[in-house]
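Okay, so here's the structure we're looking at.
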Amino acid sequence: MFCMRRIAFFSALFFASLIAAAQQPPTLLVDIDHRPAMSLNGPWHYIVDPYHGGWGSNTSNSDVPSPRGYARDLHYVPGGPLQEYDFAKSPVIQVPGDWNSQDEKLFYYEGLLWYQRDFDYHPKAHTHIFLHIGAANYAAHVFVNDVHTCDHEGGFTPFDCEMTNAVKDGNNFVVIAVDNTRTLDHVPTIKSDWWNYGGLTRDVSVVEVPESFIDDEMLHFAGAGDLQGYVHVTGAASGSKVALRISDLHVDQSAAVGEDGRASFSFHPADLERWSPEHPRLYKVEFVAGDDHLTDDIGFRTIEVKGDQILLNGKSTFLRGVNIQGEAPYRSGRAWSDRDVNTLMGWAKELNCNFVRLAHYPHDERMTRAGDKLGIMVWSEIPVYWSIAWTNPRTLEVAKQQLHEMIRRDHNKASVILWSMSNETPISEERTAFIRKLVAQARQEDPTRLITSAMLTPFHGKTAVLDDPLGADLDVLGYNEYIGWYMGKPDEAPLFKWEDPMHKPVILSEFGGGAKAGLHGPADQRFTEEYEAEILTEQFIMFRDMPFLRGITPWVLMDFRSPTRLLPGIQDGYNRKGLLSDKGEKKKAFFVLQDYYAKVQH
Ligand code: GCB
């Protein structure tokens, strides 16, 4: 038997070796959903590994820790050498899909879990082969045929793990160890108001690209009728040509790749139709660089701020929004499928929304694609949530990486108008310094969008003064408030006075209250549908006296699982502030908001 100290030692050794052995950091190819790919979705075998073990089990000497845990393609043979795991005999789980909602035994599981599947592959010569992982919550360690190919941290952004040198012609064995242990230095940190769904929660696929390939492209409307952007080609010789075609606009442009691998474009197409919620026009744009060919569906619009107005295509707009958590309708668990997305965005449309806040982390890429197609503007956020380790440089690095991945994945989506750096972070110098670094990075990586954060509303009695110092760095101020729920009664809302000393556009990024679907009663009884509806009604009266209010996103579209919502018979493990229940039942508040949005003409 191992003593505890030995276990701790081997565990530390195991993770140190995981990190030391990594071949190279993963990359992120943009527009991956438009590339031909071989899907690895479906059943994967799994081994639950709460002790971060694997040592000894794949060697003949059980005292020797294996640096590779369960990464090897080994099988138990009766009468053969000692073998203590065998994926082929282990249970299966569906990918994509969190493990918590798939197996009752894993409902509360937080820790390490090893996924494995075989795949047949016949690599072509002179190509790069990537394993694309849409999201793995929280940390992932990838092995292909026992070659440690990459590690990734951050549970809501995609990554592409190069496995060109590991893939064989014929049968291949891929193992991904995913660990969703919460720790203080992670982003998010230990506490959040959502379920810590673990695992491979989004699509997994194999993507093959030519030796020289497009890994990034971006095209936007720069005003005055100009389209500007770039294509980045990895492996292209300086001076080689990149073509950009938009047949609907009769555009056929060509540009040369510079030393930095970038080819820049700037041109003036005639008769460009701009993207807007009323007219979500997307153009098929083709990029050709040598043997690589990529198409994207891109909308063109401008988004800017003037005083306390938000201008879309030069016109002041009011954002009729709703918050959405990345939770699947009807079945709970992480949302990832077309069906999940069509249902969630369909409800937003039904509410007459032109805007959604995707809280509190980047959602599946299908959501932002749907925003583009349906004409729903998007606020996209990284999980810098509540109090994280503001002074820990590693935490900052992880937050920056997630910001980078969020921007890179979606910087061609017309629907995305706002990058949000954080949610409800208590004011401190360390907090502001940390988020300021994120703001600088976001501006540098994407100067075409607006920057925001959801902040805590500073109340002074019945006056709200929107002066969080972080606001100085933002284009649009998001403020959360729960008058009528965590604070006062619903009908007190109209008594509040709001001040916007920074004279910037304000979005009330959260407000609302809870109701159990089907529970009816007096409007002053919490958790009735009437109480929740009353909160909205009174807030709408309050808004009349907030001329700088440029958008609202009530909390939240649908009830979602949260481990801190315990009231039996009412919450049962769900945050009940949804306009719909997790089973899709519409509460009274749904219709109150729908009616308001049908009438509101800000
Ligand atoms: C908040 C948080 C959100 C919670 C919500 C609530 O302020 O931003 O994540 O779920 O309140 O229901 O308390």
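Just add 148 to the spot in the sequence shown (first one is 1) and you have the numbering used here.
Each residue gets a CB set at the ideal place from its N, CA and C atoms; glycine is no exception.
Spatially closest choice to residue i from the options, by CA coordinates
i	options	result
Thr297	Gly303, His289 and Phe304	His289
Leu420	Ala641, Arg449 and Lys272	Arg449
Phe675	Lys736, Phe688 and Lys272	Lys736
Ser414	Trp423, Ala404 and Asp408	Ala404
Trp423	Asp308, Ala562, Gly346 and Pro358	Ala562
Gly660	Lys610, Asp707 and Leu177	Asp707
Arg111	Thr543, Leu614, Gln549 and Glu593	This structure cannot settle anything about residue 111, because the visible part of the chain is limited to 149 through 750.
Val352	Glu545, Gln172, Lys664 and Val243	Val243
Ile565	Leu522, Arg505 and Lys521	Arg505
Glu310	Ala287, Tyr627, Asp672 and His276	His276
Gly632	Ser657, Arg584, Gln687 and Gly669	Gln687
Asp445	Phe503, Gln549 and Asp558	Asp558
Glu658	Lys389, Leu604 and Gly609	Leu604
Gln250	Gly481, Val295 and Asn328	Gly481
Inter-residue Cα distance where the pair is residue i and residue j
i	j	result
Thr712	Gln473	16 Å
Asp623	Gln742	28 Å
Thr382	Asp363	7 Å
Gly619	Phe278	40 Å
Ser412	Asn461	23 Å
Asp221	Glu678	58 Å
Phe691	Glu529	25 Å
Pro425	His280	31 Å
Val748	Val470	15 Å
Glu232	Trp192	19 Å
Trp534	Ala185	38 Å
Leu467	Trp703	15 Å
Gly245	Tyr194	13 Å
Lys237	Asn560	44 Å
Ala496	Ile700	13 Å
Asp730	Glu475	9 Å
Asn313	Gly190	25 Å
Arg350	Gly373	37 Å
Ile683	Lys725	11 Å
Leu598	Asn319	47 Å
Lys734	Leu705	10 Å
Leu586	Ala370	24 Å
Asn206	Asn490	Its pLDDT being 44, under 50, Asn206 is placed unreliably in this model, and the coordinates cannot settle the point.
Lys645	Gly636	14 Å
Gly662	Tyr630	11 Å
Gly666	Phe255	27 Å
Tyr224	Pro239	15 Å
Glu647	Ala612	6 Å
Lys389	Val335	40 Å
Arg584	Lys253	42 Å
Residue(s) in a DSSP beta bridge with residue i
i	result
Cys309	Leu279
Leu260	Asp197 and Asp327
Cys298	Val290
Met366	Tyr378
Gly318	Tyr269
Lys389	Ala404
Lys432	Asp445
Trp192	Ile241
Asn358	The question names Asn, but residue 358 in the sequence shown is Pro. DSSP lists Thr275 as partners of Pro358.
Short Cβ contact (8 Å threshold) for residue i with residue j
i	j	result
Arg556	Val355	no
Gln589	Leu625	no
Ala437	Val357	no
Ser570	Val526	no
Asp621	Ile575	no
Gly347	Leu261	yes
Asp308	Pro271	no
Leu176	Arg265	no
Thr305	Met554	yes
Pro477	Leu492	yes
Leu614	Pro649	yes
Thr596	Ser568	no
Ala325	Gly217	yes
Asp512	Ala483	yes
Leu697	Val654	yes
Tyr547	Asp333	The amino acid at residue 547 is misidentified as Tyr; the sequence shows Ala. Result no, Cβ atoms of Ala547 and Asp333 do not sit closer than 8 Å.
Phe267	Val322	yes
Asp456	His651	yes
Residue i: CB within 7 Å of a non-hydrogen atom of the ligand FAD
i	result
Asn571	Looking at this structure, you won't find the ligand FAD anywhere; what it does contain is the ligand GCB.
For a minimum of 4 consecutive residues, which ranges assigned as the alpha helix (DSSP H) are wholly contained in the stretch 621-669?
none
Complete runs of the beta strand (DSSP E) confined to the stretch 448-478 [at least 3 residues]:
451-454, 457-460 and 471-473
Give the list of continuous alpha helix (DSSP H) stretches no shorter than 4 residues that lie fully inside the stretch 662-748.
677-691 and 736-747
Beta strand (DSSP E) runs wholly inside the stretch 533-582, at least 3 long, in chain order:
564-571
Please give the ranges of any beta strand (DSSP E) in the stretch 391-430, keeping only runs that are unbroken, at least 3 residues long and fully inside the region.
399-404 and 410-415
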